[in-house]
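Have a look at the structure below, then the notes.
Number of protein chains: 4
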Amino acid sequence: MNKQESVMISDKVHEECGVFGFYDNDGFDVARLTYYGLYGLQHRGQQSAGIAVNDDNTFHCHKDLGLVPDIFNDRILNNLTGTISVGHVRYSTKGGNNRENAQPLVYQYVKGTLALAYNGNLINASELREEFMKNGAIFHTSIDPEVMMYKIAQERIKTHAIERAVLNMMDFVHGAYSLVLMSPRKLIGARDPYGLHPLSIGKLENSYVLSSETCVFDNIGAEFIRDVEPGEVVWVDKDGLHSIKHEKALERARICVFEYVYNARPDSVIQGASVYEVRKAMGHQLAKEHPVDADLVFGVPDSGLCAAIGYAEESGLPYGKGFIKNKYVGRTFILPTQAQREAAVNIKLNVLKSSVAGKRVVMIDDSIVRGTTCANIIRALKEAGAKEVHMRVSSPPYLWPCYFGTDIPSRDCLMAVKYSIEEIRQKIGADSLGYLSVEGLKEATKALNCDYCQACFTGKYPMEVPLNVNEVDYKHTEEGKK
Amino acid sequence: MNKQESVMISDKVHEECGVFGFYDNDGFDVARLTYYGLYGLQHRGQQSAGIAVNDDNTFHCHKDLGLVPDIFNDRILNNLTGTISVGHVRYSTKGGNNRENAQPLVYQYVKGTLALAYNGNLINASELREEFMKNGAIFHTSIDPEVMMYKIAQERIKTHAIERAVLNMMDFVHGAYSLVLMSPRKLIGARDPYGLHPLSIGKLENSYVLSSETCVFDNIGAEFIRDVEPGEVVWVDKDGLHSIKHEKALERARICVFEYVYNARPDSVIQGASVYEVRKAMGHQLAKEHPVDADLVFGVPDSGLCAAIGYAEESGLPYGKGFIKNKYVGRTFILPTQAQREAAVNIKLNVLKSSVAGKRVVMIDDSIVRGTTCANIIRALKEAGAKEVHMRVSSPPYLWPCYFGTDIPSRDCLMAVKYSIEEIRQKIGADSLGYLSVEGLKEATKALNCDYCQACFTGKYPMEVPLNVNEVDYKHTEEGKK
Amino acid sequence: MNKQESVMISDKVHEECGVFGFYDNDGFDVARLTYYGLYGLQHRGQQSAGIAVNDDNTFHCHKDLGLVPDIFNDRILNNLTGTISVGHVRYSTKGGNNRENAQPLVYQYVKGTLALAYNGNLINASELREEFMKNGAIFHTSIDPEVMMYKIAQERIKTHAIERAVLNMMDFVHGAYSLVLMSPRKLIGARDPYGLHPLSIGKLENSYVLSSETCVFDNIGAEFIRDVEPGEVVWVDKDGLHSIKHEKALERARICVFEYVYNARPDSVIQGASVYEVRKAMGHQLAKEHPVDADLVFGVPDSGLCAAIGYAEESGLPYGKGFIKNKYVGRTFILPTQAQREAAVNIKLNVLKSSVAGKRVVMIDDSIVRGTTCANIIRALKEAGAKEVHMRVSSPPYLWPCYFGTDIPSRDCLMAVKYSIEEIRQKIGADSLGYLSVEGLKEATKALNCDYCQACFTGKYPMEVPLNVNEVDYKHTEEGKK
Amino acid sequence: MNKQESVMISDKVHEECGVFGFYDNDGFDVARLTYYGLYGLQHRGQQSAGIAVNDDNTFHCHKDLGLVPDIFNDRILNNLTGTISVGHVRYSTKGGNNRENAQPLVYQYVKGTLALAYNGNLINASELREEFMKNGAIFHTSIDPEVMMYKIAQERIKTHAIERAVLNMMDFVHGAYSLVLMSPRKLIGARDPYGLHPLSIGKLENSYVLSSETCVFDNIGAEFIRDVEPGEVVWVDKDGLHSIKHEKALERARICVFEYVYNARPDSVIQGASVYEVRKAMGHQLAKEHPVDADLVFGVPDSGLCAAIGYAEESGLPYGKGFIKNKYVGRTFILPTQAQREAAVNIKLNVLKSSVAGKRVVMIDDSIVRGTTCANIIRALKEAGAKEVHMRVSSPPYLWPCYFGTDIPSRDCLMAVKYSIEEIRQKIGADSLGYLSVEGLKEATKALNCDYCQACFTGKYPMEVPLNVNEVDYKHTEEGKK
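If you're matching them up, the sequences are chains F, B, W and U in order. All letters in the first sequence, in the order written, are residues 1242 to 1723 by my numbering. All letters in the second sequence, in the order written, are residues 1242 to 1723 by my numbering. All letters in the third sequence, in the order written, are residues 1242 to 1723 by my numbering. All letters in the fourth sequence, in the order written, are residues 1242 to 1723 by my numbering.
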């Protein structure tokens, strides 16, 4: 009946979070800019959102479960006065969707107050948490960033500055993370030494912005400066922008390739490459690898639309629409009961009968993860009169769980692990099925100025992955450790 | 700060309402089906929504301001038990956006209770209201359907059945309307004698559905039966579906052409024609009438997307995206202050720089009404590096106010009335500008099984239009009366 | 689980409503004064509340289910600008507790807009409603004042002024009512020709106030002027206060004696008599009629407190407390389940053990209606160690249903109809039981400047009472018609 | 406009909190019983409330700002399944009224989860907090119990059981506190070694209850067992009730005397003495110390009512009412603006004119703290016609700030510090003024089975009070340290 369930019936990998930070030097309305920033990052997390502001060293924070426009109103934003801010939108893969786990986390430590907005996943959080607790620590949330905050606080005692404490934290806390942190006088941003998640720096007049994605810079009229580098800690204070970098950081980021496949907004530029152009290139590549004689190319809204444009372009086949999506579906609604589902209640997507009837169609989607929805929509296309349905997937088969911030906890739920491609084709009822190859992916992403993590396709993880992460019962194979 | 303002900054014509009705013969959850029905009609009105159910002659109604998913929850739907229902979504052009004016209207009259959901606009409502009041009547809303309900109640005294009273009402109440009415034992649907607004009949197993648009039938798994005809009153009772028709009704409907241009969902079929296909045909026609040498064709989301596909197809130019729309924008959000707008806060649409930079682009939209947004988005395209912007509009210039249910109160607000096409081109900053011709529109709509009203383009109204309708100060010209 | 149920478990007669009106000549914040007025009348109705204001002939109204402080907030009050107002609090005995039935009712009629706040009960409402409907009228509520409004509108056509229409209405509409009505330029107040319900006129600087009770005048600093007389219509316009009176109106009001017994606030003065002093006098009289040797006198909170003070004073017995009431009980709370009730969950009243243990106590209450709670609280006193419990009731046995605005639909629910006093004593477990006599009531109310209706004690109704009022199945006896 | 302001205009000392705990052995609905328990403790804190339940070692917690009946509903209570619970109502003197600071606090520590509900004030919380933070600790609230929780967690590492950790905590954490703590398998209660705040043990069938006040036992049908002793830790587990006691604990509690003066409900029994009887005895004593010839005795509702009964009894003067209080005032309402206050808007209390006019009255209140309201109500009595107003206060002059859990931060705000009694009399406009003497207080409280802290009257604190507590700028005198 709620959003949670709505998410469950989707066949998409979910990104954990989006982060945003602002350091004002121009008298902007910091809370409102952060609000618009989070609005632009809403696709990265719909479960909770929050804004913390620093008003001359007094911190105010408002956060709750729900979507950005539902959580904030004029009165609340008016009360969030300040000159530095951090903001967060959250999709919860760990820790449960309750109010305590909403971010930013605001903590008092020995040097005052800190507010943390965090995107990622730690692989040694449980061990660290246990270790802290053995020394008497108490935790009020079940989420990783509280562990990280604890370590930062401990490191701060041993060093002279908060940015140094953040850098030292990287020695202990392992995993993938991009974070924005607000201290009494600074705005800090950091990416893990592998640079798995994006974080970019922007400038609005004389003020600085940090954001998970650059699309937000366009929303608020800011200019893109550069990406934060792997293992880099940047901070803004009254003297401007500064930076230090962890000694073990990679030279080139190992960005999560799924940002290009699905997570990021098409109008973001990550590591030098336009997400839209990469997706279109995936479509081009896919058309080269899996051509087919057909009458119409379309994408599954919204995840397959960009690649479909590329496929159509490359193949010369007509581009069109195969589905109409209810544009109010972003919000919580009452789901059909099982009985109603059998009675064919379908609120989200309608097949565009007049478009597909009598045609041989190519349907593009970005990925098949659990495979729960493909069969349904292909059946609907056939019922609407499509003569042939050729499914094309703009990424390679999803074979390995992700430990770095998405909600794929085990191989058991992955369709491509359990079945061959031909078996999948039969199960989903397609007339043909083609995935983008790993080589094709490489070709399509050549505009990136970095390396990328494609462990979900290849099992080659950028760092050692412990067996007990996320309490996954899955047996870690040798292959995955290569 | 509210939806109202959000609507004001849009340059679109707004349809007044969507209606839905259900007569159960199979034990369906009537309230939930109505909920899904209204969800599928949400694009026709976002200001209020309501459902009334008839539980063995006891009527329950729940309605409020807001969107369908925000107004209803499980508990509320569970309380709405019954076997007949009517539902309504509303965009208010008259009567103010307050709770009293939400529909369905539920009234007691001499034969029990009636619930009315109504889409349209009456041209003699004020006169009728005044006449009733001179005889002592009292009105608790300021909206037209209360007047209609009053007349139906009065006619019911003189005749033997509610459907006959509805038919007789048509002799007195003039204008454009599609209505769904629930009496103690019947579900009734009717269209005005001109058939200006759509209303279709569907069937789900042995149960009957009435809906403003057919897309809803797909949502709930119902089968399309036929359109209600102009001046026809249909009703469903325990003996099935029945019909009578007004003697002065047109043979062929004079459907509002703007349903195809903008109002309806692309996956609806109205008067035999797929809205999507008509829009694509408009794009084809537009490409024939206004070709241009360019590198990219795209539509303004979402109103120009279908025609852009047609334009690209006809012209052979590459189809792509020019903008990315924030998909959470359907809901209420806090608007930027004027200062923030100047600072370029832009939450709704981002230009897709990588796509348009260095290119000559063709941008398609469905219409230019007030012209408030075109200049902004063309400027944004140029700032993003577009070399040329060729605007194409998939309908003729909007020149005449609509009296039949949209929010165009006077000619003063219409851009094409005040300026020549060349002047408009200069004002919006386009490198070229082309509108679909009235003849082209005719070609594009040839799949319709009826005539259409295009008075907004030609000033030729299907019925006599009084000068004082909607208290418009505009001087009715001879031309408009032809 | 809701308020409704909470009401059901109470053994009190419920008054229907409280009304308030304000005509500003001094620049007061009319909506806020009305808000405070309704707050002071909250005891007269807790189911819905509303305020309508007249801002230079534009009417704004806000009303909802719930308590006054829950329905209104600063923003809402700020939007209710105007110079005339009417307000209403409601306890629903008829028409159901839904939002449509909340008052004030705002209607448009031939001369503009009217807003009505009404307290009372009509005995021929159904007949009138049916008659109107036979002529084609439609009703959107199931409550009496809509019928009254209709008649006023019809009379207005035949006469020259709204106040005259109100007066003429009295010829057709029978029952008990006090009303406040707002027209485009006037504030009108009226009482039925019997004067069964209270309505008083106050003055605040140069502005006028109408209120069901005078306690409100103290709340807002207004001065009491006089009561509206039976069958009188008063109105305030720019020329000040005016009055006309119905020719068949009683000279002296026949005020409902239950206002003194239970309904009104002790700090109100009705028809020249302080409610507090009358209640104390009832206690004095009761002590004279039913003396007893005891150690402690206390009242059942809050209904028996004033009479207990009088009883203690007259008898010379010590006054004290027997119960402590949870002072947060005014609001909705989750009721215990049956199982929990058996497990003795008691949220509302706690016996004050230290006070009653080992003592012979006199417990005073204002009335025994259904007798549902007496037995419980006497048992609780005994369990707490009270040696003897002598119950004294400060009004005569309640024997006849009320047709004029309380929720006593039939004799079947009245304990004193079914049982003798000795039987009642046994059933409630008291050691002795004494009611105030009809003569004693007369003595206690001698400060009133009018007659009173005590039909609930005597069956002598002030007007003819039809058998089918309120669809009561109770057989009207000859005795009741005398 | 909010509750906060409403509190500010009151002249009462505010208690910090109420706590409740339940250990079920009978299959009770634990959450609902806790709900009723908190409802009965609502007078101890109206700013936030919360319930945590332990469902076989899974903890669920729901808490929010507001009153108990507004925070919880059926659905929420249904989700709070479990067999152990702790509950809390809060009035915030420290830490701000925000959601983070609501209790119970739920934390994970080395042995699982703990939930803490706490009533009191620590005098070395800042020092402890600082010390923890110097070792790298982070705090997510600004309230004392988080510090206490931290210390308990640290002690738990060094000892074998949670109850022992609580006992050891008492060596480090100084101040006044009563707490209820829930561990994975136990319900624990504790009072500080001085026993400054109350905490009692009750039994409901085979289940155990802990509560700040015994009135709650009556609400839920539980039987009072005994008070928790000073410095005692009690716990309930599957083997029943157990106890250990701190070696430095006082033999007899030093209970806060203000529980009897104002804080507690009259129907509670604390340390063997009925609060109601103690208050009445204060009235008796006051009548002996400050007799006066008068016509009427009444209390200021609700704080002076019990003592007024005692005063009237002792003096032989007639007892009555001087004011009527709006019984809906417990909830948040919109406060009058300054202008409206001048215009005499008075929503809370109305003088009962008919009762006081022409009389010499004795008005009893429990205390004069800041003296903000006395002058107003005495003026109102005079305006209503009272000939003489003799104010009697049922406690000694309030001279010293409280460090143990009330909101009296400094001497500066205390009227009796700044003015002599004669000056106070003049300032409030009374004809005479008498306070209960310290000796009289002793006489009135002789039923207590313990000593009491009356430092607010005498400056003799039970423990050393540091100068910087609560960041009070007040200079701590020698007198206060004696």
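Every residue, glycine too, gets a C-beta built ideally from N, C-alpha and C. Just so you know, these numbers come straight off a predicted model, no measurement behind them.
For the stretch 1277-1296 of chain F, there are no residues whose beta carbon sits under 9 Å from a beta carbon of chain U. At a cut-off of 7 Å, the C-beta of glutamine 1695(F) has no neighbouring C-beta in chain U. With three or more CB-CB distances shorter than 8 Å, the stretch 1672-1685 of chain W counts as touching the stretch 1624-1635 of chain W.
Bridge pairing for tyrosine 1348(W): Leu1355(W) [DSSP]. As the crow flies, the alpha-carbon of glutamate 1684(U) is around 21 Å from that of valine 1533(U).
The beta carbon of tyrosine 1264(F) is closer than 7 Å to those of Ile1325, Leu1428, Ser1448, Tyr1449 and Val1477 in its chain, skipping five residues each way along the sequence. For the stretch 1622-1685 of chain U, the full-length alpha helix (DSSP H) segments reaching 4 residues or more read 1656-1659, 1662-1669 and 1679-1685 along the chain. Here phenylalanine 1269(F) is not bridged, per DSSP, to any residue. Taking the Cβ atoms as the reference, leucine 1408(U) lies roughly 6 Å from isoleucine 1485(U), within the contact range of under 8 Å. About 12 Å separates the beta carbon of asparagine 1342(F) from that of glutamate 1257(F), a gap too long to meet the 8 Å contact definition. Histidine 1438(W) counts as buried, since no fewer than 16 other beta carbons sit within 10 angstroms of its beta carbon. Residue contact with chain U for aspartate 1459(W): present (Cβ-Cβ distance below 7 Å to some residue of chain U). Of all residues in the stretch 1377-1391 of chain F, those with a C-beta nearer than 9 Å to a C-beta of chain U are Gly1377, Ala1378, Ile1379, Phe1380, His1381, Thr1382, Ser1383, Glu1387, Met1390 and Tyr1391, reading in chain order. Across the structure, tyrosine 1348(U) and glycine 1377(U) are spaced so that their CA atoms are roughly 17 Å apart. Between the stretch 1409-1423 of chain B and the stretch 1394-1406 of chain W, the count of Cβ pairs shorter than 8 Å is below three; the stretches do not touch. At a cut-off of 7 Å between beta-carbon atoms, asparagine 1266(B) makes no contact with chain F. At a cut-off of 7 Å between C-beta atoms, isoleucine 1565(U) counts as an interface residue with respect to chain W.
The way I'd put it, the stretch 1281-1292 of chain B doesn't touch the stretch 1383-1401 of chain B; fewer than three beta-carbon pairs between them come closer than 8 Å. C-alpha of isoleucine 1317(U) to C-alpha of glycine 1670(F): approximately 44 Å in a straight line.
If you look at methionine 1604(W), you'll find it in the beta strand (DSSP E) that goes 1601-1606. At a cut-off of 7 Å between beta-carbon atoms, methionine 1410(W) makes no contact with chain B. The C-beta of glutamate 1663(F) comes no closer than 7 Å to any C-beta of chain B. Along the stretch 1495-1526 of chain F, the positions whose C-beta sits under 8 Å from a C-beta of chain B are Arg1506, Pro1507, Asp1508, Val1510, Ser1515, Tyr1517, Glu1518 and Lys1521, read in chain order. Burial of glutamine 1512(B) is indicated by the presence of at least 16 other C-beta atoms within 10 angstroms of its C-beta. Beta-bridge annotation (DSSP): serine 1596(F) is not paired with any residue. Taking 8 Å as the upper bound for CB-CB distance, glycine 1524(F) and alanine 1494(F) are not in contact here, some 24 Å apart.
Beyond the five residues adjoining it in sequence on each side, serine 1509(W) comes within less than 6 Å, by CB distance, of Glu1454, Thr1455, Cys1456 and Val1516 in the same chain, given in chain order. Below the 9 Å Cβ cutoff, chain W contributes Pro1559, Tyr1560, Gly1561 and Lys1562 as neighbours of isoleucine 1550(U), in chain order. Inclusion of proline 1542(F) and lysine 1521(F) in the CB contact set at 7 Å is not warranted, their separation being larger than that value. According to the DSSP secondary-structure assignment, methionine 1423(B) is paired through a beta bridge with Ala1356(B) and Leu1428(B). For phenylalanine 1539(F), the enclosing beta strand (DSSP E) begins and ends at 1537-1540.
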